[in-house]
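Just below is one structure, and these are the notes that go with it.
Numbering (this note's numbering), first residue to last: -16 to 564.
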């Protein structure tokens, strides 16, 4: 491609609304433009990167036996009503009505639709099956942000496995795990496999692949000593046990004027340290008021609450609801003697004695609380948020917590969708059984952004060769110099003939502008052709990542550059099967 004919609208300044590095650099480099909140146009450079990302994903899915389909992005509402996800995912669904009054959904994911296609499978002899597609998804994100990292319209590779039993699912899950590791390695990103919540997807197990980055929205607990890793929505930890004094035979109420928070009670004379307090929260779970109890110095993780209860609609109680339920305002709440509402307690409160909590009377608390004796706990759950420095649940060493981008997610769905939608086969005994499903997703544009988050510097993007829009840029320093253009055009033709993706900068611009643009858009190798070098029969090769510059003889330049590029491309996968911990 000739830059003089290409549409590469680079910008001098960062967009004012861009926080993530990938957002500002993809806009500045002329890769993307925002159409509306959470919706982006991919310009020619961006589309070329997307095409290469898709090619890598497709190669690796084909290598483990995937068959590519393309299913509709518009789904009938009834299918989603059957599985119950019309309610579970209501907050992100785009819905519409057609001219005949029919209701439809723009698919945020495709489990229901693939399961519907799978109803045509009839026998275990047709299994296993692995189907995938690369299709547009729609999610009505409340707060789209960070460019391509959190959007409302995007491309996803979603694959689905179908087996007759769980052992078959385990094998397909492991093969996907291996394929995903290979994909991320080829993309040029480091992705950490972590335990994760399955959320609205359901099923027994799931693993996220997280790219460490401050631009991410997931917090990951990780143990450097043993390798344990889990999203904090799923993570657990070891914390020191607290030795409690026995306390009185009965809890005692005492006045605490103007005490409204955990810290207030810590500082109040005769109060209690945070680890000796019981924090009482009121939540409404699927319309049912529920008390949620944690240690005073611990924070609730709402995803754990949702996973532990199976509730779909979760929200904090409103002030009027709290007052009606317990007779007091937030800051004076407790569960001592409460009957009626469900009471959920975090595991760290088990067997605690001589604790302090709200008295359900404004400006009063209760001391001497024995949790087992005084509170009618309905269910004990792991509800608290793990924090850095706590002990690893496996080896006891200190955990780290880092922020990251969810680059991929794989799920063991089980029979949730097949049972509901009637996808069954006859097993070896001739008995109808529901298909055992797995679901596996990778966001294409999100991974483009993740690559940038891990591959940039002060001057711009530093693309890995595997996904760069062009592998080589030839910079013609003086386009009005006949010798310069003769050599530049010959190199351009020779590299094209060698199968190299090459861009020639033949614009009538100052050399500094050309060099800056080449750095900004991140082409891995730059060959500079100008009168000064030609006087010595040489051109200059610059490596974008290392900054190293090498002089090449003109007659050898094309061959040497082509060999360098070919050696930098990551090879197509041969099947490997590392198994997740």
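C-beta: ideal position from N, C-alpha, C; glycine also. The model shown is predicted, which means the values in this text are computed figures rather than measured ones.
Where residue i sits in the DSSP three-state scheme
{"i": "residue 34", "result": "helix"}
{"i": "residue 228", "result": "coil"}
{"i": "residue 289", "result": "helix"}
{"i": "residue 264", "result": "strand"}
{"i": "residue -6", "result": "coil"}
{"i": "residue 348", "result": "strand"}
{"i": "residue 109", "result": "helix"}
{"i": "residue 319", "result": "coil"}
{"i": "residue 532", "result": "strand"}
{"i": "residue 15", "result": "strand"}
{"i": "residue 494", "result": "helix"}
{"i": "residue 410", "result": "coil"}
{"i": "residue 284", "result": "coil"}
{"i": "residue 299", "result": "strand"}
{"i": "residue 511", "result": "strand"}
{"i": "residue -13", "result": "helix"}
{"i": "residue 216", "result": "coil"}
{"i": "residue 27", "result": "helix"}
{"i": "residue 373", "result": "coil"}
{"i": "residue 440", "result": "strand"}
{"i": "residue 41", "result": "helix"}
{"i": "residue 239", "result": "coil"}
{"i": "residue 381", "result": "strand"}
{"i": "residue 121", "result": "strand"}
{"i": "residue 394", "result": "strand"}
Span of the alpha helix (DSSP H) around residue i
{"i": "residue 467", "result": "465 to 480"}
{"i": "residue 63", "result": "60 to 66"}
{"i": "residue 72", "result": "From DSSP, residue 72 is part of no alpha helix (DSSP H); its letter is neither H nor E."}
{"i": "residue 431", "result": "427 to 437"}
{"i": "residue 550", "result": "537 to 551"}
{"i": "residue 164", "result": "149 to 170"}
{"i": "residue 276", "result": "Premise fails: residue 276 lies in the beta strand (DSSP E), 271 to 278, not in any alpha helix (DSSP H)."}
{"i": "residue 517", "result": "514 to 517"}
Test item: CB-CB of residue i and residue j under 8 Å
{"i": "residue 386", "j": "residue 131", "result": "no"}
{"i": "residue 46", "j": "residue 162", "result": "yes"}
{"i": "residue 294", "j": "residue 268", "result": "yes"}
{"i": "residue 487", "j": "residue 475", "result": "yes"}
{"i": "residue 395", "j": "residue 156", "result": "yes"}
{"i": "residue 174", "j": "residue 424", "result": "no"}
{"i": "residue 494", "j": "residue 470", "result": "no"}
{"i": "residue 297", "j": "residue 166", "result": "no"}
{"i": "residue 242", "j": "residue 317", "result": "no"}
{"i": "residue 12", "j": "residue 537", "result": "no"}
{"i": "residue 551", "j": "residue 169", "result": "no"}
{"i": "residue 353", "j": "residue 336", "result": "yes"}
{"i": "residue 115", "j": "residue 44", "result": "yes"}
{"i": "residue 76", "j": "residue 123", "result": "yes"}
{"i": "residue 209", "j": "residue 382", "result": "no"}
{"i": "residue 95", "j": "residue 422", "result": "no"}
Element boundaries [beta strand (DSSP E), containing residue i]
{"i": "residue 399", "result": "From DSSP, residue 399 is part of no beta strand (DSSP E) but of the alpha helix (DSSP H) over 399 to 404."}
{"i": "residue 341", "result": "338 to 341"}
{"i": "residue 178", "result": "175 to 178"}
{"i": "residue 145", "result": "136 to 146"}
{"i": "residue 78", "result": "77 to 80"}
{"i": "residue 200", "result": "Taken as a continuous stretch (DSSP letters only), residue 200 belongs to no beta strand (DSSP E), as it is neither H nor E."}
{"i": "residue 566", "result": "The question about residue 566 has no answer here: the residues shown for the chain are numbered -16 through 564."}
{"i": "residue 132", "result": "Note, residue 132: premise wrong, no beta strand (DSSP E); not H, not E."}
{"i": "residue 458", "result": "455 to 459"}
{"i": "residue 523", "result": "521 to 526"}
Sequence-distant residues of its chain with Cβ nearer than 6 Å to residue i (five each side left out)
{"i": "residue 388", "result": "194, 196, 199, 433"}
{"i": "residue 406", "result": "98, 101, 102, 418"}
{"i": "residue 16", "result": "24"}
{"i": "residue 254", "result": "248"}
{"i": "residue -4", "result": "none"}
{"i": "residue 32", "result": "431, 450, 452"}
Cβ shell of residue i (< 8 Å), same chain only, five flanking positions each side left out
{"i": "residue 466", "result": "514, 517"}
{"i": "residue 219", "result": "213, 365, 369, 376"}
{"i": "residue 70", "result": "295, 296"}
{"i": "residue 258", "result": "225, 278, 279, 280"}
Same chain, Cβ closer than 7 Å to residue i, five either side skipped, listed in chain order
{"i": "residue 48", "result": "113"}
{"i": "residue 362", "result": "327"}
{"i": "residue 445", "result": "438, 439, 505, 527, 528"}
### Task
Evaluate the contact criterion for the region 12 to 29 versus the region 134 to 148: three or more CB pairs, one atom per stretch, below 8 Å.
yes
### Message
Would you call the region 137 to 157 in contact with the region 80 to 88, where contact means no fewer than 3 C-beta pairs closer than 8 Å?
### Response
no
### Query
Are there three or more Cβ pairs, one per stretch, closer than 8 Å when the region 236 to 248 is compared with the region 284 to 294?
no
### Query
Does the region 317 to 337 come close enough to the region 256 to 272 to have 3 or more Cβ pairs within less than 8 Å?
Three or more Cβ pairs drawn from the region 317 to 337 and the region 256 to 272 lie within less than 8 Å of each other, which places the two stretches in contact.
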